[in-house]
Amino acid sequence: MTILVRLDVLLAERKMKSRELAQYIGITEPNLSLLKSGKVKGIRFDTLEKICEALNCQPGDLLEYRADTPGEDQA
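Take 1 as the starting number for the sequence shown in the UniProt record's numbering and just add one per residue.
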């Protein structure tokens, strides 16, 4: 299973810079970059709530589930 983070898409649609979002939600830009790249194991609900508030979106707009395809390496 793969969870895709669509934060870059939403930032572009809202014409918001990563720096602005990081300041609004109270995390560092490097941590936001890790989140955008999907290189995190999880996200706190309060952080998710602040992102949704800042971008005027729902959690499902930020995250997308993709099922593994047969034959795909599973690590």
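By construction, the Cβ of each residue, glycine as well, lies at the ideal position given by its N, Cα and C atoms.
Collapsed DSSP secondary structure at residue i in the structure displayed
i	result
T47	helix
V9	helix
I25	helix
C-alpha distance - residue i paired with residue j, whole-angstrom precision
i	j	result
G60	G38	15 angstroms
E29	P70	36 angstroms
I43	L62	12 angstroms
Y65	S18	23 angstroms
T2	A12	23 angstroms
N31	A67	26 angstroms
Residue of the options minimising C-alpha distance to residue i
i	options	result
Q23	R66, T47 and R6	T47
I51	G26, L4 and K41	G26
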